[in-house]
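As numbered in UniProt numbering, residues 1 to 367 make up the sequence shown, in order. Think of the CB as a built atom: it goes at the ideal place given N, C-alpha and C, for glycine as much as any other residue. Remember, predicted model here, so these are calculated numbers, not experimental data.
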Amino acid sequence: MRVKNSQPDYILLAVIGILVVFGLIMVSSASIGQSQEKFHESYYYLKSQLLKGLLPGLLLGVIAYFFPYRYLKPLALPLLAITVIGLIMVFIPGFGTGHGGAKRWIILGPVVLQPTEFLKLSFIIYLSAWFAGKGKAGKDFSEGLVPFLIMVSAVAFLVILEPDIGTLGVIGFTSLIIYFLAGARISHLGLIGFGSVILFYLLTKFYSHAANRLQVFLHPELDPRGIGYQINQAVLALGSGGIFGLGLGQGVQKFKYLPEPASDSILAVIGEELGFIGIMALLLLFMIFTFRGFKIAQGAPDDFGRLLAGGLTGWITVQALINMAAICGLIPLTGITLPFISLGGSSLAISLTGMGILLNISKYSKS
Numbered sequence: 001m002r003v004k005n006s007q008p009d010y011i012l013l014a015v016i017g018i019l020v021v022f023g024l025i026m027v028s029s030a031s032i033g034q035s036q037e038k039f040h041e042s043y044y045y046l047k048s049q050l051l052k053g054l055l056p057g058l059l060l061g062v063i064a065y066f067f068p069y070r071y072l073k074p075l076a077l078p079l080l081a082i083t084v085i086g087l088i089m090v091f092i093p094g095f096g097t098g099h100g101g102a103k104r105w106i107i108l109g110p111v112v113l114q115p116t117e118f119l120k121l122s123f124i125i126y127l128s129a130w131f132a133g134k135g136k137a138g139k140d141f142s143e144g145l146v147p148f149l150i151m152v153s154a155v156a157f158l159v160i161l162e163p164d165i166g167t168l169g170v171i172g173f174t175s176l177i178i179y180f181l182a183g184a185r186i187s188h189l190g191l192i193g194f195g196s197v198i199l200f201y202l203l204t205k206f207y208s209h210a211a212n213r214l215q216v217f218l219h220p221e222l223d224p225r226g227i228g229y230q231i232n233q234a235v236l237a238l239g240s241g242g243i244f245g246l247g248l249g250q251g252v253q254k255f256k257y258l259p260e261p262a263s264d265s266i267l268a269v270i271g272e273e274l275g276f277i278g279i280m281a282l283l284l285l286f287m288i289f290t291f292r293g294f295k296i297a298q299g300a301p302d303d304f305g306r307l308l309a310g311g312l313t314g315w316i317t318v319q320a321l322i323n324m325a326a327i328c329g330l331i332p333l334t335g336i337t338l339p340f341i342s343l344g345g346s347s348l349a350i351s352l353t354g355m356g357i358l359l360n361i362s363k364y365s366k367s
C-alpha cells in the first residue's frame with residue numbers, strides 16, 4: 001500500500017470536533033429541564049453523554065485511527081456476527097429492554113447498549129469488504145445484486161422486528177451508497193428502488209408503528225395532542241426561533257412541551273435557541289464533512305478503503321439528513337438521532353469509532 005503521508009485530514013478532524021463540542025453544549029441546554037425533573041440535577045444527561053458517549057467514543061476512535069484499516073477486512077464477518085448476536089439478545093427476556101413500544105437495548109450489568117448503532121458500523125465494514133473481494137463480479141445479477149439483497153434483507157428483518165424504521169432507512173440508504181460505489185448497474189438500482197417502495201407500503205400496511213408515523217406526516221393536525229404532538233411541537237419550536245433564535249438556553253419548548261428534546265428532537269431546540277442562522281451553520285458543517293469524506297474515498301489506495309470511506313461518510317450524511325428532514329416535517333418522524341449532536345451514548349461512541357476509521361483512511365488517501 002502506497003502511503004502519501006502520515007497526516008490525517010485536519011479539516012475533517014476539525015469539523016468533527018466542532019460538531020461534538022456543539023453537541024455537548026446543546027445536550028446541556030436541551031436536557032436541563034428533564035435532568036432537573038427526573039434526577040434533581042441540572043446536568044445529569046450531560047454527564048451521562050460525557051461518560052457513556054464521549055469518553056468511550058474517544059478511546060475507540062483513537063484506537064481505530066491507529067489501527068490500519070486494511071486489517072478490518074478479515075475481521076468484517078466476526079464483527080457482523082457479534083452484532084447480530086446483540087440484535088437477537090434484544091428479544092431475550094432478562095437482556096432486552098425497550099421504550100415507547102420498541103425493544104432496542106440490551107442490558108449487560110451496568111452497561112446499556114443499542115445493537116442497531118453497532119450494526120450501522122459493522123455492516124458498513126462487512127459490505128465494503130465483501131464488494132472489495134468480489135471485484136467486477138459484484139456488478140453481476142447473480143453474484144452481486146442477489147447476495148447483496150439477501151444480506152440487506154437479513155439485517156433488515158431483525159431491525160424491523162424491534163421495530164426501528166429510522167435505523168432501517170439509514171442502513172438501507174448507506175448500503176445503496178456502498179453498492180453504487182462498487183459499480184452497481186443502473187438497472188439493478190432501479191429494481192432496488194421498486195422493491196423499496198413495495199417494502200414501505202407493506203410496513204405502513206401491517207405495522208401500526210410505521211402507519212402512525214405516516215399518518216402524522218400526512219395529517220399532523222388530526223391528533224395534535226396524540227400521535228401528532230411531537231412534530232407539531234417541533235415545528236412550533238423551529239418557528240419560534242426566527243432568524244437569530246431566542247438565545248442559547250432561552251428556549252421554552254424543551255420544558256415539558258417538546259418530546260425527546262435532547263435526542264430525536266434536538267434540532268428543534270437548536271432552531272428555537274439559535275434560529276435559522278444556527279441551523280444553516282450546522283448544515284454547512286455537515287456539508288463540509290460530506291465533501292471531505294467523499295474526497296477521502298475518492299483518493300483511497302484500494303477498493304476496500306474507497307468503499308469503507310464512502311460508506312462511513314454516507315452513513316453520517318444520510319442519518320443527519322433524515323433527522324433534519326423529519327424534524328422539519330419533510331418526511332415522517334423516524335426516531336433516529338442527529339449524529340454527534342443528539343443525546344445517546346451508543347450513538348456518539350460508535351460514530352466516533354467510525355470517524356477514527358475514516359481518519360485512518362485519510363492518512364493513505366491521495367486527495
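- Assigned with DSSP and collapsed to three states, T334 falls in coil, not helix or strand.
- With contacts defined as CB atoms closer than 8 Å, A349 and G169 fail to qualify as a contacting pair.
- For G329, the three-state secondary structure derived from DSSP is coil.
- Classified as exposed, Y10 has fewer than 16 neighbouring CB atoms from the shown chains inside 10 Å of its CB.
- Inter-residue distance for F157 and G247 is about 43 Å (C-alpha atoms, whole angstroms).
- For I243, the closest alpha carbon among the candidates L236, G278, L108 and S128 is that of G278.
- Per DSSP, L24 lies in no beta strand (DSSP E) segment; the continuous alpha helix (DSSP H) that holds it begins and ends at Y10 to A30.
- Between G172 and S196 a beta carbon distance of about 7 Å is seen, short of the 8 Å cut, so the two are scored as contacting.
- Across the structure, S347 and G314 are spaced so that their CA atoms are roughly 16 Å apart.
- A Cβ-Cβ distance of about 7 Å is found for the pair I124 and I178, placing them in contact under the 8 Å criterion.
- K47 sits exposed, since fewer than 16 C-beta atoms from the chains shown fall within 10 Å of its C-beta.
- Under the 8 Å Cβ criterion, the segment 10 to 26 counts as touching the segment 353 to 361, having at least three qualifying pairs.
- Between the segment 251 to 264 and the segment 20 to 36, the count of Cβ pairs shorter than 8 Å is three or higher; the stretches touch.
- Judged by DSSP secondary structure, L358 falls within the alpha helix (DSSP H) whose first and last residues are G345 to S362.
- Within the same chain, A211 come within 8 Å of K205 by CB-CB distance, once the 5 residues on both sides are set aside.
- Under the DSSP assignment, V111 falls in the beta strand (DSSP E) whose first and last residues are V111 to L113.
- CA-to-CA, the gap between G239 and E272 works out to about 7 Å.
- Taking the Cβ atoms as the reference, T97 lies roughly 15 Å from I88, outside the contact range of under 8 Å.
- Assignment of L246 by DSSP, reduced to helix, strand and coil, places it in the coil class.
- With fewer than 16 other Cβ atoms from the protein chains shown falling within 10 Å of its own Cβ, Y201 counts as exposed.
- Per DSSP, reduced to three states, the secondary structure at G183 is coil, with no helix or strand assignment.
- Secondary-structure assignment with DSSP links L108 through a beta bridge to V111.
- For V62, the enclosing alpha helix (DSSP H) covers residues L55 to F66.
- Annotated three-state conformation of G251 is coil, per DSSP.
- Contact between F180 and L189 holds: CB atoms are separated by about 7 Å, below the 8 Å threshold.
- From the listed residues T334, I231 and F141, the smallest Cα separation to A268 is found for I231.
- Scanning its chain for C-beta atoms nearer than 8 Å, with the 5 sequence neighbours on each side dropped, one finds around L50 the residues L24, in chain order.
- For L343, the closest of L12, P8, V21 and E143 by C-alpha to C-alpha distance is V21.
- Three or more Cβ pairs drawn from the segment 72 to 85 and the segment 114 to 128 lie within less than 8 Å of each other, which places the two stretches in contact.
- Boundaries of the alpha helix (DSSP H) harbouring F291: I266 to G299, taken from the DSSP string.
- Residue state for G94 is assigned as coil, using DSSP reduced to three classes.
- Within its own chain, the residues whose Cβ lies closer than 6 Å to the Cβ of F276, once the five positions on either side in sequence are excluded, are I243, listed in chain order.
- Inclusion of A182 and G138 in the CB contact set at 8 Å is warranted, their separation being smaller than that value.
- Within the same chain, I16 and G61 come within 7 Å of M355 by CB-CB distance, once the 5 residues on both sides are set aside.
- Out of L333, G311 and I327, the CA that lies nearest to the CA of T174 is found in G311.
- As for any alpha helix (DSSP H) of minimum length 4 sitting wholly inside the segment 197 to 233, the runs are 208 to 218, ordered along the chain.
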